[in-house]
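Protein chains: 2
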Amino acid sequence: LPVVAIVGVGLIGGSIGLALRERGLARRVIGVARREETVRAAMERGAIDEGTLDAREGVASADLVVLCTPVLTIPPLAERIAERLWPGTIVTDVGSTKEYLSREVSRRLPPGCPFVGGHPMAGSEKGGVEAARADLFEGATWVLCPGELDPLARLASWVLALGARPICMEAEAHDRVVAAISHLPHVAAAALVNAVVAGGEERDVLRTFIAGGFTSTSRIASSPPELWRDICLTNRESVLATLGHFRAALARFEEALRREDAAGLLAAFADAREAREELIR
Amino acid sequence: LPVVAIVGVGLIGGSIGLALRERGLARRVIGVARREETVRAAMERGAIDEGTLDAREGVASADLVVLCTPVLTIPPLAERIAERLWPGTIVTDVGSTKEYLSREVSRRLPPGCPFVGGHPMAGSEKGGVEAARADLFEGATWVLCPGELDPLARLASWVLALGARPICMEAEAHDRVVAAISHLPHVAAAALVNAVVAGGEERDVLRTFIAGGFTSTSRIASSPPELWRDICLTNRESVLATLGHFRAALARFEEALRREDAAGLLAAFADAREAREELIR
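Protein chains in written order, with my numbering: chain U, 413 to 693; chain B, 413 to 693.
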């Protein structure tokens with residue numbers, strides 16, 4: 413069994429730790445956090461066996477290092493830990509944008525330490541180890557980017573053991589798909605909330621009128637802003653492309669409504685319902 | 413106890429029937445539907461005591477008539493039933509746009525039959541009596557539009573008895589608030605789904621990547637398209653105004669991302685999180 417170092421024990425890192433320990437998949441789980449209270453919380457939740465504030469110390473005895481910090485902090489982190497990794501240590505991550513990370517992390521690691529970019533398609537609008545769950549990855553797609561075959565195969569088995577479904581996909585293709593199915597919904601939800609309060613209606617009145625529609629449509633607008641800033645910035649072109657599609661899709665509704673085109677409006681709503689029913693099965 | 417006629421026994425009408433019967437609030441609940449199988453389903457669910465396909469017959473013995481059909485069908489329905497209403501029968505509805513309905517329904521009813529527009533802030537993306545629930549209105553805001561005091565007071569007690577919280581609000585103000593908090597999210601969710609599939613990614617691949625974010629953000633895009641066409645058309649100006657705010661809110665994200673303005677992007681996400689946390693308490 414490997415010694416696993418999880419750098420960043422928030423929602424995702426904490427959930428990996430819980431799953432590893434609950435399923436007996438690691439000899440030892442070492443957690444690295446920036447703050448003492450996070451280490452303590454992760455210990456109390458049973459997500460890690462031991463914790464440290466020093467990433468270099470945390471990874472020194474690991475067979476597998478999982479980088480679970482916000483996207484833009486991962487490359488400097490890779491740089492910092494590089495010289496403390498044993499040859500043969502596999503490094504992976506869980507960042508939402510893979511082209512940027514595959515490029516920026518690989519070149520900072522020593523030759524004997526392969527990097528395999530990863531991305532579990534699971535999450536929550538709630539951050540932090542308090543929201544971590546051992547079953548967070550149950551049945552979830554977990555993308556692994558192509559690279560050296562042996563570490564890729566080991567990680568694929570590891571992901572399977574965590575209850576997720578590993579699929580191998582080029583970083584660029586991954587980034588385009590998640591821009592549409594994940595990054596766009598986050599931007600749309602945030603813009604929706606900003607638009608709702610921009611109309612000048614009193615917030616107490618708006619609150620009175622909230623039903624399930626607003627609640628679920630806006631849920632992920634409560635996600636940590638720093639994470640989503642980084643994700644957008646490191647998947648800029650694909651996110652801008654999906655925002656263009658979204659602008660066009662909205663214009664279709666707006667134009668039909670402006671022209672009082674009942675058939676056009678119905679078709680736009682019907683297309684959406686049909687596409688969603690096909691996607692969510 | 414009143415005899416209540418519910419015209420349109422779908423999600424809302426069916427839920428009213430279930431709540432009335434479960435709480436013993438009606439002498440008899442008469443359901444009116446367009447199709448025989450809907451009457452049968454509503455009987456089987458226990459949402460009505462008896463059913464008919466003839467609206468004129470259905471309302472003839474009612475003390476309270478609740479119109480629960482799609483918005484644009486309500487005025488012609490009012491016209492059709494008008495001459496069969498007893499003087500003193502109170503008529504209400506559950507339509508999502510109140511200015512249009514208050515105007516169009518009132519003038520079609522006979523003098524002795526007061527109309528009080530209503531709108532329960534509860535629903536589901538699933539339509540039909542199959543999705544009806546006796547507790548759908550539990551704790552939900554239920555708007556009643558101002559009008560004659562006696563019928564308004566009776567309806568307010570009736571709404572309270574159903575477990576909801578009646579509030580009295582002018583139709584125009586209601587329409588502006590629901591445009592922002594309910595109608596805009598429906599259009600946004602539908603446009604989001606259309607944008608996601610517009611990018612040309614294969615649907616099987618997109619499906620593999622679906623996590624909680626897309627699922628909840630797009631949930632109400634599965635709502636019945638006819639309902640939402642009618643709602644948009646009858647609340648056109650307010651919905652167009654909120655779409656303008658939404659366009660501006662999206663442009664803020666898009667511009668910040670285009671300029672790689674990390675601080676601007678963070679602020680836009682942070683504003684959304686803060687506003688949502690304040691609204692959802």
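Backbone N, C-alpha and C fix where the C-beta goes; we use that ideal spot for every residue, glycine too.
Check: First through last residue of the alpha helix (DSSP H) which encompasses T646 of chain U; Outcome: 637-646
Check: Residues of its chain near C480 of chain B, where Cβ-Cβ distance is below 8 Å and the 5 sequence neighbours each way are ignored; Outcome: I418, V419, G420, V421, G422, I424, G425, I428, D505, V506
Check: C-alpha distance - A600 of chain U paired with T450 of chain U, whole-angstrom precision; Outcome: 31 Å
Check: Exposed unless 16 or more other CB atoms sit within 10 angstroms - verdict on P526 of chain U; Outcome: buried
Check: Local conformation of L437 of chain B per DSSP, three classes; Outcome: coil
Check: Buried or exposed by the 16-neighbour rule on C-beta atoms within 10 Å, applied to I578 of chain U; Outcome: Correcting the residue type first, residue 578 of chain U is Pro in the shown sequence and not Ile. So P578 of chain U ends up on the buried side.
Check: Closest Cα partner of L497 of chain B within the set B:P558, B:V471, B:G529, B:R615; Outcome: B:V471
Check: Length of the line joining the Cα atoms of K538 of chain U and P558 of chain U; Outcome: 30 Å
Check: Under 8 Å (Cβ pairs) to chain B, residues found in the segment 637-657 of chain U; Outcome: P637, E638, W640, R641, C644, L645, R648, V651, L652, A653, T654, L655, H657
Check: Interface flag, T481 of chain B vs chain U, CB-CB below 8 Å; Outcome: no
Check: Contacts that L691 of chain U makes with chain B (C-beta to C-beta distance below 7 Å); Outcome: R615, L618, R619, I622
Check: Residues bridged to E448 of chain U [DSSP beta-bridge criterion]; Outcome: DSSP, once it has assigned bridges, lists no residue as partnering E448 of chain U.
Check: G463 of chain U, DSSP secondary structure in three states; Outcome: strand
Check: Three-state secondary structure (DSSP) of D547 of chain B; Outcome: coil
Check: Option nearest V371 of chain B by Cα separation, candidates B:R452, B:A453, B:S508, B:V444; Outcome: Residue 371 of chain B lies beyond the stretch modelled for chain B, which goes from 413 to 693, so this question has no answer here.
Check: Short-range partners of chain U found in the segment 485-505 of chain B, where Cβ spacing is below 9 Å; Outcome: none
Check: Anticipated Cβ contact below 8 Å, R641 of chain B with L678 of chain U, distance rounded; Outcome: 4 Å
Check: C-beta contact flag for S628 of chain U and S634 of chain B at 8 Å; Outcome: no
Check: CB of G535 of chain U within 8 Å of CB of V555 of chain U, strictly; Outcome: no
Check: Cα-Cα separation, P522 of chain B to A494 of chain B; Outcome: 6 Å
Check: Chain-ordered residues of the segment 419-443 of chain U with a beta carbon less than 9 Å from chain B; Outcome: none
Check: Check whether M533 of chain B and A623 of chain U have beta carbons under 8 Å apart; Outcome: yes
Check: With 16 other Cβ atoms within 10 Å as the buried cut-off, status of E516 of chain U; Outcome: buried
Check: Contact under 8 Å by Cβ, T694 of chain B with A474 of chain B; Outcome: No statement about residue 694 of chain B is possible, as the shown extent of chain B runs from 413 to 693 and does not include it.
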